[in-house]
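Following: one structure in C-alpha cells, then a few remarks.
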Amino acid sequence: HVQAFDRVQNASPEQVKCSRALAAPPMPRWTELAARVVANPAGIGLVGLDSWFWLDPAPHAVTIHEINGGIDYAITATPVSATWNFGDGGIADLAGASGYGRPYPQPSSITHVFEAHTQDGFIVRASVRYAVTWTASMAGRSPETHPMGMFVQTALPLRYPVKQAQPELLRI
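The opening residue of the sequence shown carries number 3 in the numbering used here; numbering runs sequentially from there.
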C-alpha cells in the first residue's frame, strides 16, 4: 500500500501496487542458427583418406530481444557442443568450438576416415546443442541472468559419396 503526504499532510489516495515474479519469455524459433555440413575433399571422399567436416556458418552466440508489457527480454543462445553422425556408424560428440570444425584450408578438428565406398553417398549429419539464458530490462536496469534450458539445432545434412581409389604401378 502506498500513500503520499505533502508538507501540510495532504494525502494522495491510497494505491496498491504488488510486484510479481517475472515469467520466462517463450523460447524463440532460432531460425538464424541454421547451419549446413560441409566437407573437404568436396564432392567425393576417398576410402582410407581423412575427410574434413565443418559447419557453415560456424555456431556462435546469438541474442534476440522481445518486448512484452514494457519489459525488454534479452534471450541468448550459446553453442555448447556438437554431435556428428558420419552415416557409416561413426559418431563424434565434442564440446566447445572444436566440435564445429574449421573451414578448408585450415585443418578441421572434425575428421573421419571412411572404410567402405558408396555410390549413393553417406548422409553426414550434425546437431549443435545450445544453452539458453534470459534477462529482463526494466527502466534501464537489467537484474540477473536466468537459465532457460537447452535446445538442439540440426544442421542441413550432406550426402557424401565415397569412392575406392585403385593404385596403379607406373614403373618397376
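Glycine is no exception: its CB is placed at the ideal position from the N, C-alpha and C atoms.
Start and end residues, beta strand (DSSP E) containing residue i
i           : result
residue 57  : 52–58
residue 124 : 120–139
residue 82  : 73–87
residue 94  : 93–97
residue 163 : 160–165
residue 67  : 64–70
residue 113 : 112–115
residue 41  : 38–42
Option in the options with minimal Cα separation from residue i
i           : options            : result
residue 32  : 172, 157, 43, 85   : 157
residue 45  : 137, 151, 139, 124 : 124
residue 67  : 139, 168, 53       : 139
residue 126 : 99, 49, 13, 161    : 161
residue 155 : 28, 13, 75, 34     : 34
residue 117 : 30, 12, 164, 63    : 164
residue 108 : 43, 13, 26, 64     : 43
residue 60  : 48, 82, 51         : 82
residue 94  : 128, 64, 119       : 128
residue 99  : 92, 80, 106, 91    : 80
residue 104 : 169, 30, 168, 41   : 41
residue 27  : 168, 149, 159      : 149
residue 101 : 9, 39, 30          : 39
residue 76  : 159, 8, 134, 13    : 134
residue 146 : 159, 24, 64        : 24
residue 63  : 130, 106, 119, 159 : 130
residue 29  : 65, 8, 49          : 65
Residue i in three-state terms, based on DSSP
i           : result
residue 20  : In this prediction, residue 20 scores a pLDDT of 49, lower than 50, which makes its location untrustworthy; the coordinate-derived value is nonetheless stated afterwards. The answer is coil: DSSP assigns residue 20 none of H, G, I, E or B.
residue 147 : coil
residue 106 : coil
residue 26  : coil
residue 47  : strand
Check your understanding: On the three-pair Cβ rule with 8 Å, is the region 66–73 touching the region 87–97?
Key -> Not touching, per the Cβ criterion.
Practice item. Decide if the region 46–55 is in contact with the region 111–125; the criterion is three or more beta carbon pairs, one per stretch, under 8 Å apart. Key: Segments in contact, yes.
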